[in-house]
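Structure record follows, encoded as structure tokens.
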Amino acid sequence: MFFIDELLKATHGKLLNGDPEQKVNSISTNTRNIKKGDAFLALKGPKFDGHIFLDKAIKKGAAALIVSKHFHTKKAAVIKVKNTLKALQNIAGYHRMKFNIPVIAITGSAGKTTTKDMISSVLSQKLKTLKTKENLNNEIGVPITLLQLNKKHRAAVVEMGMQKEGEIKELAEIARPTIAVITNIGEAHLKYFKNKKEIAKTKAGIFSFLKPGNTAILPEDDKYFKYLKEFVPKGIKMKTFGRNDINLPSPHRRGTNLLKDNITTKIRVRPPGNHNLLNALIAVKIAKILNIKKSSVIKGLKRFKPSSKRMEIIKRKDGVTIINDTYNANPSSMKAILYMLAAEKAKRKIAILGDMLELGKESKKLHLSIGRLAKKLKIDLLVTVGKLSKNMKGNYHFTSNKKVIEFATKTLKKGDLLLVKGSRAMKLEEVVEVLRA
């Protein structure tokens, strides 16, 4: 709940109509979700303009409108601001500071969504925890997430993605995390950066607003670990995670033991894969910081469920198993899941891999490296789809999902283990939906 006066203070806006003492229930950027008494904030972008829905918002019961264009009505309070996106972010930041709770922020080139879900699952065993839904991790998604905070919440887990220099720092300023995590530095979004060092620098912005006594968690095995350490402010506690914490001698081997201190001995992390052991390790480290008991950690990891289209295991009646990891892809996540596939037991291990987008001038080289890794790991059949994935030099290549479906339908046999993965724009879930039947 907000008073109009609070919204004016947060946004530095001008009240065109309405009473500063008036209350609004919540902030909405979508007229489909508006409830009576809400404030509608009209976002404007290159391909959309929320201002065209102002009348609709009023009809649905909006008590206030936050706009960047002049609009006159006596049916709702009207606040005019310079930029509605900035206003949304400012309101979210203002709202977040009302809560003296642990706020965990996570970024990284791969694994951040799974890590977010694991942390939330563990914390939720003892604390009412707000978490980023699906992949709402950008300049709009982070504020929308934080605006869901209420008095019942005792912790928040916020995922942060990026596509431009300085973006993570901007999101950190809104969220003001008490614990900040970087999972890794990879090639994702190289299209927007000169090199991986520039990606590391932007990711390190997550530490910018930590206060003395807060905690930074860094990947000690990462090539840029020492570089990232330079961005951790003085007075901040620093924790690390890596393979030294895990009872696994080889990246190819699956194991049941997670930590050397045995906090989760004999607990198999689901989904499988050593990269998911590292993700779980971050959750365990944060549980320790927040004094969450061992029993709650174990229960949280057992109950963990990945977000949609991430490591979904589908077991067909005919004995074919499908791993649906179609939400997105980059070189780091591709490598991790190929290692996982190689470690599994199956008559045949098959991978249907699509293009990895936003890799810039390194794209051809990085696609080739994935193909070489699949061959090195002795993946039985590599099927590629798209323009860029042709550079993986797999066993078969197709230019459409339809052709892949036709091929896979004829090819899959009892005992096969099939991985399907590609960038979001490739829509490889279309392949999974047909093959899962």
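Heads up: the sequence shown begins at 674 in the numbering used here, then just goes up one per residue. Quick reminder that beta carbons are idealized off the backbone N, C-alpha and C, glycines included.
field: Rounded straight-line distance, which links the Cα of Gln836 to that of Phe866
entry: Those two C-alpha atoms are separated by around 9 Å.
- prompt: Any idea what DSSP makes of Leu1039, helix, strand or coil?
  reply: In the structure shown, Leu1039 sits in a helix (DSSP, three-state: H, G or I).
field: Strand pairing of His1070, partner residues [DSSP]
entry: In the DSSP output, where bridge partners are listed per residue, His1070 has Thr1057.
task: Give a yes or no on whether the C-beta atoms belonging to Val1056 and Ala1009 are separated by under 8 Å.
output: No.
query: Counting Cβ pairs, one atom from each stretch, are 3 or more of them under 8 Å apart for the stretch 820-831 and the stretch 790-809?
result: The stretch 820-831 makes contact with the stretch 790-809: 3 or more CB pairs, one atom from each, lie closer than 8 Å.
field: Helix, strand or coil at Arg1021 according to DSSP, with G and I counted as helix
entry: Shown here, Arg1021 sits in a strand according to DSSP, grouped into three states.
message: So the candidates are Ala960, Lys982, Ser981; which of them puts its Cα closest to the Cα of Lys972?
response: Here the closest residue by C-alpha is Ala960.
message: Pairs of beta-carbons, one from the stretch 1063-1070 and one from the stretch 967-981, closer than 8 Å: are there three or more?
response: As far as the Cβ criterion goes, the stretch 1063-1070 does not touch the stretch 967-981, which means the pair count is below three.
Reference Lys912, options Ile847, Glu1017, Asn887, Ile986, closest by Cα: Closest by alpha carbon: Asn887.
field: Member of Gly723, His948, Lys967 whose CA lies at the smallest distance from the CA of Leu1014
entry: Comparing alpha carbon positions, the residue from Gly723, His948, Lys967 closest to Leu1014 is His948.
message: Across the stretch 774-786 and the stretch 749-757, are there enough close Cβ pairs to call them in contact, namely three or more that are closer than 8 Å?
response: The way I'd put it, the stretch 774-786 doesn't touch the stretch 749-757; fewer than three beta-carbon pairs between them come closer than 8 Å.
field: Glu838: first and last residue of the uninterrupted alpha helix (DSSP H) it sits in
entry: Segment: none, Glu838 is in no alpha helix (DSSP H) and carries neither H nor E.
Local conformation of Pro892 per DSSP, three classes: Pro892: strand per DSSP, three-state reduction.
- prompt: Given 8 Å as the limit, is there contact between the stretch 887-906 and the stretch 1029-1045, that is, 3 or more CB pairs closer than that?
  reply: The stretch 887-906 vs the stretch 1029-1045: no contact.
- request: Apply the 10 Å Cβ neighbour rule to Glu985 and answer buried if 16 or more other Cβ atoms are within range, or exposed otherwise.
  value: When all chains shown are included, Glu985 counts as buried.
- prompt: What's the gap between the Cα of Leu738 and the Cα of Asn698?
  reply: Each residue's CA atom was taken as its position, placing Leu738 and Asn698 some 13 Å apart.
- request: Would you tell me roughly how many angstroms separate the C-alpha atoms of Arg1097 and Tyr900, rounded to the nearest one?
  value: If I take the Cα positions, the gap works out to 30 Å.
query: Mapping DSSP to helix, strand and coil, what is Pro922?
result: With a pLDDT of 44 at Pro922, under the threshold of 50, the predicted position of this residue should be treated as unreliable, though the coordinate-derived value follows. In the three-state reduction of the DSSP assignment, Pro922 falls in the coil class, being assigned neither a helical nor a strand state.
message: Does the contact criterion of 3 or more C-beta pairs under 8 Å hold for the stretch 810-819 versus the stretch 755-769?
response: The way I'd put it, the stretch 810-819 does touch the stretch 755-769; three or more beta-carbon pairs between them come closer than 8 Å.
message: Taking only three categories from DSSP, how would you classify Val1103?
response: Per the sequence shown, the amino acid found at residue 1103 is Glu instead of Val. DSSP places Glu1103 in the helix class (H, G or I) of the three-state scheme.
- request: Have a look at Asp895 and Asp1028 and give me their C-alpha separation to the nearest angstrom.
  value: Inter-residue distance for Asp895 and Asp1028 is about 25 Å (C-alpha atoms, whole angstroms).
- request: Express the C-alpha separation of Lys1048 and Tyr1012 in angstroms, rounding to a whole number.
  value: If I take the Cα positions, the gap works out to 11 Å.
task: May I ask you to list the residues that DSSP assigns as paired with Gly1027?
output: According to DSSP, which records beta bridges pairwise, Gly1027 is partnered with Val1058.
- prompt: Which first and last residues belong to the alpha helix (DSSP H) in which Ala778 is found?
  reply: Not the alpha helix (DSSP H): Ala778 falls in the beta strand (DSSP E), residues 776-780.
message: Give me the DSSP bridge partner(s) of Ile817.
response: The beta-bridge partner set that DSSP reports for Ile817 is empty.
message: Taking a contact to mean a Cβ-Cβ separation below 8 Å, would you say Arg1021 touches Asp1053 in this structure?
response: When the beta-carbon positions are compared, Arg1021 and Asp1053 come within less than 8 Å of each other.
- prompt: Using the C-alpha atoms, what's the distance from Thr746 back to Ser793?
  reply: Going from the Cα of Ser793 to the Cα of Thr746 covers about 43 Å.
message: Looking at the strands, I want to know which residues DSSP matches up with Leu1092.
response: Note: Leu1092 sits in a beta bridge opposite Ile996, Ala1024.
message: Let me make sure I understand the geometry here. Which of Lys864, Val1107, Tyr767, Lys958 has the alpha-carbon closest to that of Asp678?
response: Per the Cα distances, Tyr767.
message: The alpha helix (DSSP H) that contains Leu809, what's its start and end?
response: Where Leu809 is concerned, there is no enclosing alpha helix (DSSP H), given that its DSSP letter is neither H nor E.
message: Here's the rule I'm using: 16 or more other beta-carbon atoms within 10 Å means buried, otherwise exposed. How should Asp711 be labelled?
response: Buried is the call here.
- prompt: Going by beta carbon distance, what residues of the same chain come within less than 6 Å of Phe882, once the five residues before and after it are set aside?
  reply: Cβ within range, chain order: Ala845, Glu846, Arg849.
field: Beta carbon of Thr818 nearer than 8 Å to that of Glu840
entry: No, the pair does not count as a contact, with Cβ atoms beyond the cut-off.
- request: Give the range of the beta strand (DSSP E) segment to which Leu689 is assigned.
  value: From DSSP, the beta strand (DSSP E) with Leu689 extends over 687-690.
query: Mind checking Pro1004: buried by the 16 CB within 10 Å criterion, or exposed?
result: With 16 or more Cβ atoms within 10 Å of its Cβ, Pro1004 is classed as buried.
query: Around the Cβ of Phe721, are there at least 16 other Cβ atoms within 10 angstroms (buried) or fewer (exposed)?
result: With fewer than 16 Cβ atoms within 10 Å of its Cβ, Phe721 is classed as exposed.
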